[in-house]
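Residue numbers (our numbering): 335 to 772. No residue lacks a Cβ here, since even glycine has one placed at the ideal position from N, Cα and C. The model shown is predicted, which means the values in this text are computed figures rather than measured ones. Worksheet for the structure shown next.
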Ligand SMILES: Cc1ncc(COP(=O)(O)O)c(C=O)c1O
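What follows is the structure, encoded as structure tokens:
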């Protein structure tokens, strides 16, 4: 596995002197490690993630949580009830996963859903007809679709607020009415990497007695702990870092408050959106390596962001912990790293599409948080459900490329970008600029 020095040597050998310096600087700051939540636990989270999921007691001493593939659980008698009766309502493998995620997120309760969208839909179900939801105007496309169409049909009004930056809380305050029951936000946003002041937003929500939901998917349960910053509900698309291998769909809702947990559990049980036992097993297996994967993917992302920043065909790089990110300090006041998603623009939609298509090691696909690297043009993929005019009104560049960095050898990833950029040319012909792959 390539260490930091090998990456630096590689970048120097390729003439990327500044990128090499950036990587040295990024890696020489001792990592603050994982974001912490109030905890009485003595073992480190890496230890807890790999240990402690085995059932107690188990007749065979299983080292791992078995998959309880059963729809029903027998009762001892007509009047004696066990811990579980029906898998829609509860299953031991799901309970093991929920406890492990709650431990990683540092919260009292977790519910595992069939997908991240099912988890978000359960949160929106907390609202009734006539209520208002304030949604960050830079949200995941699926969340936008859920709110813009689904919630509207249920009589819930949705308003979009630019909640990012130091002025976000003041803008949220101005948008509040008595009908607002729920505020939904992501930080950093994806792909624009806009940072929201979670403490400030939470203070505004508390003042108005509204719930603050934070979609923490981009940060994983390790890099940012929104509940400790004042959020009421944290959602993850567990399809991403928790499962980690692009092979399982799952979502989780994390809360501290008992009454809120019961309301969300009611929705999950009533609508039958709990995660199936085998998927719980896969998510549990993913969790064991989550700390290693997040650490490595983030190191690779720092190297790639540095490389892209000095590239002459790149006009802007978006990464929350880059020196030139306007809200870097705000981000670092509430999270311990930038994660694995790096975005960039080229000033030319054709060039962006060319680079996406020409890379060989990056799968062209939606999603992130997987062991392997992915690349996409969000306007055509993950954010296509946001109409083009809405994207334009939110300064969402059509030429943006999203790179979701995996755990591969960073030298290979940088070299792949080198060849992808190098295979593009642009020339003038009769006053027109013609661009084409070489
Ligand atoms: C930030 C974010 N939230 C929620 C979701 C939805 O999760 P899922 O695809 O697991 O339903 C996604 C999916 O990409 C996402 O990126």
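Nearest CA to the CA of residue 458: which residue from 476, 480, 636?
480
With hydrogens ignored, establish whether the beta-carbon of residue 310 is closer than 7 Å to any heavy atom of ligand 1.
Residue 310 lies beyond the residue range present for the chain, which begins at 335 and ends at 772; the question has no answer from this structure.
Given this structure, state the Cα-to-Cα distance separating residue 617 from residue 439, to the nearest angstrom.
15 Å
Count the C-beta pairs between the stretch 423 to 434 and the stretch 391 to 409 that are closer than 8 Å, then say yes if the count reaches three, no if not.
yes
Which same chain residues, not among the five before or five after residue 593, have their C-beta less than 7 Å away from its C-beta?
none
Just how far apart, CA to CA, sit residue 548 and residue 557?
14 Å
Give me the Cβ distance between residue 560 and residue 531, rounded to the nearest whole Å; I'm assuming they're in contact under 8 Å.
Rounded, the Cβ-Cβ distance is 12 Å, inconsistent with contact.
Taking 8 Å as the threshold (C-beta atoms), are residue 747 and residue 638 in contact?
yes
As assigned by DSSP and simplified to three states, the class of residue 679:
strand
Within 10 Å of its beta-carbon, does residue 452 have 16 or more other beta-carbons around it, so buried, or fewer, so exposed?
buried
Identify every residue that forms a DSSP beta bridge with residue 546.
517
Where residue 551 falls: helix, strand or coil (DSSP)
helix
Hey, residue 679 and residue 720: beta-carbon distance below 8 Å or not?
no
To the nearest angstrom, how far is the alpha carbon of residue 518 from that of residue 468?
6 Å
Helix, strand or coil: how does DSSP classify residue 633 here?
helix
Within this structure, are the beta carbons of residue 696 and residue 685 separated by less than 8 Å?
no
Length of the line joining the Cα atoms of residue 562 and residue 387
24 Å
Out of 401, 372, 419, 455, point me to the one whose CA is closest to residue 437's CA.
372
Beta-carbon spacing of residue 520, residue 554 below 8 Å
no
To the nearest whole angstrom, what separates the beta carbons of residue 612 and residue 403, a pair I think is in contact under 8 Å?
7 Å
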